[in-house]
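One structure is given below, encoded as structure tokens.
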Amino acid sequence: MSPQPQAAVGAPLSRVDGRLKVTGQAQYAAEFDVEGAVHAVVVDSSIGRGRITGIDTGAAEAQPGVLTVIHHRNAPKLPYRDNSGSNNPPGRRLRVFQDDRVLFHGQPVAVVVATTLEAAQHGASLVKVRYDAEQPSTDLHEAKPDKPTNYARGDAEAGLRSAAVRLDLTYQLARNHHNPMEPHATIARWDGNKLTVWDKTQWVMGTHDELAAVFDLPAGSVRVINPFVGGGFGSGLRCWPHTVVAALAARVTGRPVKLVLSRRQMYLGTGFRPSYEYRVRLGSDRRGRLSAAIHDIDAETSSYETFTEAVMGAGQMTYSMPNVSQAYRTVPLDVNTPIWMRGPGFASASFAIESAMDELADRLGIDPIELRRRNEPSEDESNNLPFSTRRLRECYTVGAREFGWQRRSSRPRSRREGDLLIGMGMATGVYDCGRFPAEARARLDADGTAVVEAATSDMGPGTYTSQTQVAADALGLTMRTVTFRLGDSLYPPTSPHGGSATMASVGSAVVDACNQVRQQAIKLAVEDRESPLHGVDAADVVVRGGRLHVQGNPARGESYRSLLARNDRTHLEARGQYAGAPSPARRSYFAYNATFAEIAVDATLGLVRVRRMLGVYDAGRIISPKLAESQAFGGIVGGIGTALLEHTVTDHRDGRIVNANLADYLVAVNADVPEVRAIYLDGEDNDGNLLGVKGLGEVVQVGVAAAIGNAVFNATGRRVRELPITAEALV
Amino acid sequence: MSTELPESAVPPPTGADESSSAPSRRTFIATSTAVGGVVVAGGVFAGTVLADPEEASAAEKPPSSRVSLTVNGTRRTVTVDNRTSLLDLLREHFELTGSKKGCNAGACGACTVLIDGQRHNACLTLAVRLEDAEVTTVEGLADGDQLHPLQQAFIDQDAFQCGYCTPGQIVSGVGCIKEGHTNSPEEIREWMSGNICRCGCYVKIVRAVEQTAGRK
Chain A
964 MSPQPQAAVG APLSRVDGRL KVTGQAQYAA EFDVEGAVHA VVVDSSIGRG RITGIDTGAA
1024 EAQPGVLTVI HHRNAPKLPY RDNSGSNNPP GRRLRVFQDD RVLFHGQPVA VVVATTLEAA
1084 QHGASLVKVR YDAEQPSTDL HEAKPDKPTN YARGDAEAGL RSAAVRLDLT YQLARNHHNP
1144 MEPHATIARW DGNKLTVWDK TQWVMGTHDE LAAVFDLPAG SVRVINPFVG GGFGSGLRCW
1204 PHTVVAALAA RVTGRPVKLV LSRRQMYLGT GFRPSYEYRV RLGSDRRGRL SAAIHDIDAE
1264 TSSYETFTEA VMGAGQMTYS MPNVSQAYRT VPLDVNTPIW MRGPGFASAS FAIESAMDEL
1324 ADRLGIDPIE LRRRNEPSED ESNNLPFSTR RLRECYTVGA REFGWQRRSS RPRSRREGDL
1384 LIGMGMATGV YDCGRFPAEA RARLDADGTA VVEAATSDMG PGTYTSQTQV AADALGLTMR
1444 TVTFRLGDSL YPPTSPHGGS ATMASVGSAV VDACNQVRQQ AIKLAVEDRE SPLHGVDAAD
1504 VVVRGGRLHV QGNPARGESY RSLLARNDRT HLEARGQYAG APSPARRSYF AYNATFAEIA
1564 VDATLGLVRV RRMLGVYDAG RIISPKLAES QAFGGIVGGI GTALLEHTVT DHRDGRIVNA
1624 NLADYLVAVN ADVPEVRAIY LDGEDNDGNL LGVKGLGEVV QVGVAAAIGN AVFNATGRRV
1684 RELPITAEAL V
Chain B
-7 MSTELPESAV PPPTGADESS SAPSRRTFIA TSTAVGGVVV AGGVFAGTVL ADPEEASAAE
53 KPPSSRVSLT VNGTRRTVTV DNRTSLLDLL REHFELTGSK KGCNAGACGA CTVLIDGQRH
113 NACLTLAVRL EDAEVTTVEG LADGDQLHPL QQAFIDQDAF QCGYCTPGQI VSGVGCIKEG
173 HTNSPEEIRE WMSGNICRCG CYVKIVRAVE QTAGRK
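This is the structure:
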């Protein structure tokens, strides 16, 4: 098979759905006009743990427009079949309105359904719930942890004891909430025993499977639709209780029901990046060669599910050392269950590890980049596999040059501009990119246009655009003649839209489907006596701009249209597949970055301002450069939030989140982000995917917080080991 | 960092019909709740914003008012539940879902619309106080198929990802340009900081506003 010419892939194209988004025509979950839909508003618990002893719904039901109030005393019993293979963590998932138990502050305890939103909202405020309250446990530092998950190589304790230089450092990371701009929302409609939901999700198949399990419905009787996702960052990776509430309310009332979480409820009804206490002990020689590291990691989870994430990976493979031990302990608390958030696990671990490396560099008087170079491994020491590609050294070199690293003073608190202390810092980021099974369908129509479909999502990275680019080149069509569809469980199934896996996984399935269609057409042509391509070796035919021709001889060929018309074919169609990561793994497949920050700290006020940031990425082949740059900027901005602003605050007296809104939970705004730059190294990584990609949506946020923290140290001489780094810590 | 914006970033309403006697959303809801039973009895509930007639007749009707306003050049007269925000009026009743609900508390800017040419958070604006007002939403910016220059600039600069904050950013950007707060990237950043973009497109949003302001 001749390699297809690459016209769309790699080109800095604008988004194919751009016009829909800038005109307000893109339809998000709550915006579908479902006839007869009524409104549901959730009532959430006002205690952090205990039992419901009574519910008075009289005042709510007396409100004009209120149809019903559903709670555990009148809700139908739901089957809640097991849903293995889902993103539900081990445990017993929250079962809405099935018993009187309250497991966390803000748990759904009732839902008010009304003909208008105003009536439902007011009705919800009138539901009186009485409780037998118990003292909740919500403090990571006070509660009893689960048994640890361990990793070890060598003898870390002995390695540490014999090290010339030892550091023992403990870092605290605040809980972060994803806070996508679009609140989670569901519209549910029953047609007999068939359920259709328009649901904000990063995985329509996941919502499909969970609803089928909860209501014990046969496959094929649930349809999940979600063409546009207004941000996710992980919050849409599992089906949350409110989606079940909407479906339940629709079943009870016999009406389509629209349920939109309030911003406050986003903190109660969806997950979060758990808070961590991460203690790391490092041992090295005086030249900075690491000999041992011991990681003690505590993270919050809920009392009813054990959420874990890949927080151990970075400590095992980022730097070369013979002795490593890790203990990762989840701490069950009376909170709702966490969920992966951008750069899951790695972003959290990187703050501890990359800050510790900076502390070691300072102790030894070695440049932080040089220290990292001295500990660059030649293979993945966690499994002795070769790296598929690992170009961190190049990231360091390019980053140092482009950022002007030589201007950094190695002596902290030595650069001053008036009241401002100026500092520079850097950090390394690694991310274990996912590759999951996926399918896609491609159909080439007689008019020479194509439709490609997969049940994936586009939460913002530009799946619509980048998959269209991939499909267009594989089919030999222009961008304008290819339509990519996603966000419908009727399309071929894919794995979740997350883990930086979408391009490698769905993209490979799309390429497979499109290659098959193209080859069907080529076969048709070379076997067709009336085709100019008759008798040509199929391997010598390429397609460009919808026209099949002999490689190197564009004059000899014909268009898809004429070929299909002459052969009486309405269309050609194929289903493509991608099996997932190679198993067993033959190579260690990670994306990498070096992230640089320059910040200014007001010496009197302690206020930290980012001045400029640079990320240099080894992320494999870049399909859509314009959109990839936007993703990198987004990861950096998210990292600025984690570093300096974001902190979900719980009042441990009653388990209530006290800043569950966008005025008190601070995220980066425009004025927080002056100059950002992203550089993707040219290259590709062909380990187990057809596109040479690695994935980039996660790695771009890994290391950002540490780079900023290290810059704060360089500016002030103060090492802040707690996120977010606030003015209070610096005055 | 929570940048402190000058209060005038989202200017207060002006004009005779928006006098200081106009009730704020908070006081209005408090008032109507307190006297609920009495007002409900006298409420009029008709027009395009209607509950299902069967259900509406089954219970007393909520307090409502008639209001005439112009939305994207079209004059509309409706009777609305007094509790309805402009944002909910647009989204739930006019099927103009371009204006987004991100926080419903004036903290994110996703619902930004122009009222009589000025930037406002539609979620904090009660519909009933908009008698004779001219409202422009993102759906009203393009001239047929011809995008507003700022809409085109957002596409050119890739100034959005998920797209959910985008209508608010664009409407806010139109206001920002009109206000003349575009003399430097720093000034644009300050005056666009009432609109959160969680995907982190700020640098490109500033470029798009700059590009458009420079054309004027």
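Those protein sequence lines, which keep their order, are chains A and B. Counting along the first sequence from 1, when you hit position 602 you're at 1565 in the numbering used here, and nothing is skipped either side. Counting along the second sequence from 1, when you hit position 210 you're at 202 in the numbering used here, and nothing is skipped either side. Just so you know, even glycine gets a beta-carbon here, dropped at the ideal spot from N, CA and C.
With distances taken from CA atoms, which of Leu1659/A, Ala1623/A, Arg1507/A is nearest Tyr1580/A? To locate residue 1580/A, count along the first sequence from 1; it is residue 617. Nearest C-alpha to Tyr1580/A: Leu1659/A.
Considering only C-alpha positions, which residue in the set Thr1611/A, Val1663/A, Tyr1555/A is nearest to Ser1593/A? For this step, residue 1593/A is matched to residue 630 along the first sequence. Taking only the C-alpha atoms, the option nearest Ser1593/A is Val1663/A.
For the region 1147 to 1176 of chain A, enumerate the residues whose C-beta is nearer than 8 Å to any C-beta of chain B, in chain order. none
State the Cα-Cα distance for the pair Arg199/B and Gly167/B, rounded to the nearest angstrom. Position 207 of the second sequence, counting from 1, holds the residue named residue 199/B. Position 175 of the second sequence, counting from 1, holds the residue named residue 167/B. One C-alpha to the other measures close to 16 Å.
Residues near Leu1334/A by beta carbon distance below 8 Å, same chain, minus five either side: If you number the first sequence from 1, residue 1334/A lands on position 371. Result list for Leu1334/A: Gly1251, Met1320, Leu1323, Ala1324, Leu1327, in chain order.
Please look up how many angstroms separate the CB atoms of Val1504/A and Ile1688/A, rounded, as I've assumed it's under 8 Å. In the first sequence, counting from the first residue as 1, residue 1504/A sits at position 541. In the first sequence, counting from the first residue as 1, residue 1688/A sits at position 725. Not quite, the Cβ-Cβ distance comes to about 59 Å (not below 8 Å), so this is no contact.
How big is the Cα-Cα spacing for Asn1649/A and Tyr1241/A? Along the first sequence, one-based indexing puts residue 1649/A at 686. Along the first sequence, one-based indexing puts residue 1241/A at 278. Rounded to the nearest angstrom, the two C-alpha atoms are 35 Å apart.
Using the Cβ count rule (16 or more neighbours within 10 Å means buried), how would you classify Val1621/A? As a position in the first sequence, residue 1621/A is number 658, starting the count at 1. Classification for Val1621/A: exposed.
Taking 7 Å as the threshold (beta carbon to beta carbon), is Pro1143/A in contact with chain B? What you label residue 1143/A is simply residue 180 of the first sequence in a count that begins at 1. By this cut-off, Pro1143/A is an interface position.
Is it the case that the region 1095 to 1103 of chain A contacts the region 1013 to 1024 of chain A, given that we only count it when at least three CB pairs across the two stretches are under 8 Å? yes
Members of the region 1208 to 1225 of chain A near chain B, C-beta cut-off 8 Å: Val1223, Ser1225
Alpha carbon to alpha carbon, what distance is there between Gly192/B and Met1284/A? As a first step, residue 1284/A must be located in the first sequence, where it is residue number 321. As a first step, residue 192/B must be located in the second sequence, where it is residue number 200. In a straight line, the C-alpha of Met1284/A is about 36 Å away from that of Gly192/B.
Just how far apart, CA to CA, sit Val1675/A and Ser965/A? Taking the first residue of the first sequence as position 1, residue 1675/A is located at position 712. Taking the first residue of the first sequence as position 1, residue 965/A is located at position 2. Each residue's alpha carbon lies about 53 Å from the other.
So, at 6 Å on beta carbons, what are the nonlocal neighbours of Gly1028/A in its own chain, with the 5 sequence-adjacent residues on each side left out? Counted from its first residue, the first sequence places residue 1028/A at position 65. Within the same chain, Gly1028/A has close Cβ partners Ala1077, Thr1078, Thr1079, Ala1082.
Starting from Ser1471/A and walking both ways along the alpha helix (DSSP H), at which residues does that stretch end? Residue 1471/A sits at position 508 when you count from the first residue of the first sequence. Residues 1471 to 1489.
Let me know if Glu1344/A comes out buried or exposed under the rule of 16 or more other beta-carbons within 10 Å of its beta-carbon. What you label residue 1344/A is simply residue 381 of the first sequence in a count that begins at 1. With 16 or more Cβ atoms within 10 Å of its Cβ, Glu1344/A is classed as buried.
Beta-ladder partner(s) of Ser1288/A, from DSSP: On the first sequence, residue 1288/A is found 325 positions in, with the first residue counted as 1. Answer by DSSP bridge pairing, in chain order: Ala1115/A, Ile1257/A.
Where Leu976/A sits in the DSSP three-state scheme: Residue 976/A sits at position 13 when you count from the first residue of the first sequence. Leu976/A: coil per DSSP, three-state reduction.
Just how far apart, CA to CA, sit Glu998/A and Lys1157/A? Position 35 of the first sequence, counted from the start, is the residue given in the question as residue 998/A. Position 194 of the first sequence, counted from the start, is the residue given in the question as residue 1157/A. Those two C-alpha atoms are separated by around 16 Å.
Taking only runs that begin and end inside the region 75 to 123 of chain B, name each unbroken alpha helix (DSSP H) of 4 or more residues, in chain order. none
Look up Ile169/B in the DSSP assignment and say whether it is helix, strand or coil. Against the second sequence, residue 169/B aligns to sequence position 177. Three-state DSSP puts Ile169/B in a helix.
At the level of alpha carbons, what is the spacing between Pro1042/A and Phe1178/A? Counting from 1 along the first sequence, the entry for residue 1042/A is found at position 79. Counting from 1 along the first sequence, the entry for residue 1178/A is found at position 215. Looking at the two C-alpha atoms, the distance is approximately 6 Å.
Under the three-state DSSP convention, the category Val1215/A falls into: Position 252 of the first sequence holds residue 1215/A. The answer is helix: DSSP assigns Val1215/A an H, G or I state.
Would a C-beta distance cut-off of 7 Å place Tyr1359/A and Ala1557/A closer than the cut-off? The count along the first sequence starts at 1 and reaches residue 1359/A at position 396. The count along the first sequence starts at 1 and reaches residue 1557/A at position 594. Yes, they are a contact pair.
Suppose you measure from the CA of Arg190/B to the CA of Glu131/B; what does that come to, to the nearest Å? Counting from 1 along the second sequence, the entry for residue 190/B is found at position 198. Counting from 1 along the second sequence, the entry for residue 131/B is found at position 139. Straight-line Cα distance between these residues: approximately 22 Å.
Mind listing, in chain order, the continuous alpha helix (DSSP H) runs of no fewer than 4 residues lying wholly within the region 1401 to 1443 of chain A? 1426 to 1438
What are the residues of the region 1618 to 1645 of chain A that lie near chain B, defined by any Cβ-Cβ distance shorter than 8 Å? Asn1624, Leu1625, Ala1626, Leu1629, Val1630, Ala1631, Val1632, Asn1633, Ala1634, Asp1635, Val1636, Pro1637, Glu1638, Val1639
What are the start and end residues of the alpha helix (DSSP H) that includes Lys1589/A? For this step, residue 1589/A is matched to residue 626 along the first sequence. From DSSP, the alpha helix (DSSP H) with Lys1589/A extends over 1588 to 1607.
Please list the terminal residues of the continuous alpha helix (DSSP H) segment that includes Phe1314/A. By one-based count along the first sequence, residue 1314/A stands at place 351. Run containing Phe1314/A: 1309 to 1327, per the alpha helix (DSSP H) assignment.
Taking a contact to mean a Cβ-Cβ separation below 7 Å, would you say Tyr1134/A touches Arg1574/A in this structure? By one-based count along the first sequence, residue 1134/A stands at place 171. By one-based count along the first sequence, residue 1574/A stands at place 611. No, the Cβ-Cβ distance between Tyr1134/A and Arg1574/A is not below 7 Å.
So Asp996/A contacts chain B; which residues on that side make the cut at Cβ distance below 7 Å? Along the first sequence, one-based indexing puts residue 996/A at 33. Within chain B, the residues near Asp996/A are Glu87.
DSSP state of Tyr1523/A, grouped into three classes? Start at 1 with the first residue of the first sequence, and residue 1523/A comes out as number 560. Helix.
Since Val198/B meets chain A, which of its residues come closer than 8 Å, beta carbon to beta carbon? As a first step, residue 198/B must be located in the second sequence, where it is residue number 206. Those within 8 Å of Val198/B in chain A are Asn1633.
By how many angstroms is the C-alpha of Met1422/A removed from the C-alpha of Pro1143/A? Here residue 1143/A is taken as the residue at index 180 of the first sequence, counted from 1. Here residue 1422/A is taken as the residue at index 459 of the first sequence, counted from 1. When rounded, the distance between both Cα atoms is 9 Å.
Could you tell me which residues DSSP pairs with Phe1350/A in its beta bridges? Taking the first residue of the first sequence as 1, we reach residue 1350/A at position 387. DSSP output for Phe1350/A lists Ser1551/A as bridge partner(s).
If you reduce the DSSP assignment to three classes, tell me which class Ala989/A lands in. Locating residue 989/A in the first sequence gives position 26, where the first residue counts as 1. Ala989/A: coil per DSSP, three-state reduction.
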